[in-house]
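Novice: Position 1 (the sequence shown) corresponds to 240 in my numbering; numbering is contiguous. The C-beta atom is built at its ideal place from N, Cα and C for all residues, glycine as well. Because the structure is a prediction, the values reported are computed rather than measured.
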Amino acid sequence: WDMNFDSDTNVIDVAVRRLRVKVDEPFEPKLIRTVRGMGYVLEIPESL
Numbered sequence: 240w241d242m243n244f245d246s247d248t249n250v251i252d253v254a255v256r257r258l259r260v261k262v263d264e265p266f267e268p269k270l271i272r273t274v275r276g277m278g279y280v281l282e283i284p285e286s287l
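1) Rounded to whole angstroms, what is the Cα-Cα separation between E264 and L258?
2) Helix, strand or coil for L270 per DSSP?
3) At which residues does the alpha helix (DSSP H) containing I251 begin and terminate?
4) Starting from G278 and walking both ways along the beta strand (DSSP E), at which residues does that stretch end?
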């Protein structure tokens, strides 16, 4: 990010929410996981 990035915006949250609607909601197991205090992680199950 640029040094002038406004961390109070929810741009990332909105983008991740849209991804979850397309990738996670219709399927199990969920692939996108929130890591509190860090961000997000994409977990690919070993069974895939």
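Specialist: According to the structure data:
1) The residue given as residue 264 occupies position 25 in the sequence shown. The residue given as residue 258 occupies position 19 in the sequence shown. Whole-angstrom Cα-Cα distance: 9 Å.
2) Locating residue 270 in the sequence shown gives position 31, counting from the first residue. In the three-state reduction of the DSSP assignment, L270 falls in the coil class, being assigned neither a helical nor a strand state.
3) As a working note, residue 251 is residue 12 in the sequence shown. Counting along the chain, the alpha helix (DSSP H) containing I251 begins and ends at V250 to V262.
4) Taking the first residue of the sequence shown as position 1, residue 278 is located at position 39. Here the beta strand (DSSP E) through G278 covers G278 to L281.
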